[in-house]
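Take a look at the structure set out below.
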Amino acid sequence: MVRFVIEKHCKQPDWALMLLATFPFDRTKNYPDIERYAIMGCVLNYLEEFTYRRRNAMQQLCVTHNLHCRENSITIETANGNAVLTISLIADN
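Heads up, the sequence shown is in the numbering used here, so the first residue is 52 and it goes up one at a time.
Structural data, given as C-alpha cells:
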C-alpha cells in the first residue's frame, strides 16, 4: 500500500493552498501499490492543467513553474530553482 506525502519547502504562495484544497486524491487514504504509476500520472496531469489567479490574470502552473518528475515524486519549483512543493508516494508497511 502507498500513500501521499506532501512536503512544503518555503513560504507558501496563494496558489499552493488552492492546489492542496482541490487535490484530486485523499491524502490520508492508502492506495494499492499496483496503481502507483497510474496515480502519479493523474497527479501530473492535474498539475499540468492547474490554473491559478495571479494579479488580474489566470496563470497555468506548468508554464510559470518547473515540474520535476521522478518515479515516486513530483517537485514543483520556481523558475529560479527554489522548491515549493514535493508530492510523493511512499510505501506504507
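C-beta atoms are modelled at their ideal positions from N, C-alpha and C, and glycine is treated no differently. What you are looking at is a predicted structure, and each value in this text was computed from that prediction instead of being measured.
(request) Assign ARG87 to one of three DSSP states: helix, strand, or coil. (result) It is helical.
(request) Output the residue ranges of the beta strand (DSSP E) runs that lie fully inside the segment 88–121 and measure 3 residues or longer, sorted by chain position. (result) Listed in chain order, the beta strand (DSSP E) elements of length 3 or more contained wholly in the segment 88–121 are 102–105, 108–111, 117–120.
(request) Using alpha carbons as the reference points, say which of ARG105, MET109, VAL56 lies closest to THR79. (result) Of the listed residues, the one whose Cα sits closest to THR79 is VAL56.
(message) Could you compute how far the alpha carbon of LEU95 sits from the alpha carbon of ALA134?
(response) Approximately 16 Å between the Cα atoms of the pair.
(request) Could you please give the first and the last residue of the uninterrupted beta strand (DSSP E) stretch that includes ALA134? (result) Taken as a continuous stretch (DSSP letters only), the beta strand (DSSP E) holding ALA134 covers 134–142.
(request) Name the residue from ASN81, PRO75, GLU58 whose alpha carbon lies nearest to the alpha carbon of PHE151. (result) It is not possible to answer for residue 151, since the shown part of the chain is limited to 52 through 144.
(message) Taking the beta carbon of HIS60 as the centre, do at least 16 other beta carbons fall within 10 Å, making it buried, or is it exposed?
(response) HIS60 should be labelled exposed.
(message) For ARG87 and VAL53, which I take to be in contact (beta-carbon distance under 8 Å), what is that distance rounded to the nearest angstrom?
(response) Sure, about 6 Å apart at Cβ, within 8 Å.
(message) Suppose you measure from the CA of HIS119 to the CA of THR129; what does that come to, to the nearest Å?
(response) Rounded to the nearest whole angstrom, the CA to CA distance from HIS119 to THR129 is 11 Å.
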